[in-house]
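The opening position of the sequence shown corresponds to residue 1 in full-length UniProt numbering, with each subsequent residue numbered one higher. In this text, a Cβ means the ideal position worked out from N, Cα and C, and glycines have one as well. Presented below is the structure to which this report refers.
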Amino acid sequence: EANVSERKSKAVQHNELVAKKLQEHSQSVQQRVEKLREQLEAAAEAQSETAERKSKAGRHNEFVAKKVQEHSQTLQQRTDQLREQLERKSQRQAIRRPSFSASGTPKAGTPKLSELTCEGDG
Numbered sequence: 001e002a003n004v005s006e007r008k009s010k011a012v013q014h015n016e017l018v019a020k021k022l023q024e025h026s027q028s029v030q031q032r033v034e035k036l037r038e039q040l041e042a043a044a045e046a047q048s049e050t051a052e053r054k055s056k057a058g059r060h061n062e063f064v065a066k067k068v069q070e071h072s073q074t075l076q077q078r079t080d081q082l083r084e085q086l087e088r089k090s091q092r093q094a095i096r097r098p099s100f101s102a103s104g105t106p107k108a109g110t111p112k113l114s115e116l117t118c119e120g121d122g
């Protein structure tokens, strides 16, 4: 009987040790799972923020591109207007002031007075 009692005592101690190790392992696994869950949530939040920033940046870039396009068109129109004004002014000045050489004779290509017509003379 002493032998059985001793074995029983050792078995109880062994079972308690195994139960303790199992409890520690279970807690360790639970802590690891919780840590991984927190990391996963943080990564998901960071990804969501990144996607939101990317979307916002895309909208901003489209807005800026539109403004640049509009500005470019405005500049082109203004350049065309100024070019036309300069051309008209140049033509008016050529008609009003014939070019003369240093000797006082009209330069080649200067229209003669008889060739000049005023607008509306038709």
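Excluding sequence positions up to five away, which residues of its chain have a Cβ less than 7 Å from the Cβ of A11?
-> For the purposes of this step, residue 11 is taken as the residue at position 11 of the sequence shown. So the list is empty, once near-sequence residues are dropped.
Could you pull out every residue in the same chain whose Cβ sits closer than 8 Å to the Cβ of Q91, ignoring the five residues on either side in sequence?
-> Mapped onto the sequence shown, residue 91 falls at position 91. If we look at Q91 and ignore the five residues flanking it on each side, it has no Cβ neighbours.
State the DSSP-derived secondary structure class of S28, mapped to helix, strand or coil.
-> Taking the sequence shown and counting its residues from 1, the one referred to as residue 28 is at position 28. When secondary structure is reduced to three states using DSSP, S28 falls in the helix class.
Per-residue DSSP class, three states only, for S55 = Translated into positions along the sequence shown, residue 55 becomes position 55. Note: S55 maps to helix in three-state DSSP.
Determine the direct distance from the alpha carbon of K56 to that of L40, and round the result to whole angstroms.
-> Your numbering for residue 40 matches position 40 in the sequence shown. Your numbering for residue 56 matches position 56 in the sequence shown. Rounded to whole angstroms, L40 to K56 spans 24 Å at the Cα level.
Just the Cα atoms here: how many angstroms apart are T74 and E49?
-> Taking the first residue of the sequence shown as position 1, residue 74 is located at position 74. Taking the first residue of the sequence shown as position 1, residue 49 is located at position 49. T74 and E49: Cα-Cα distance of roughly 37 Å.
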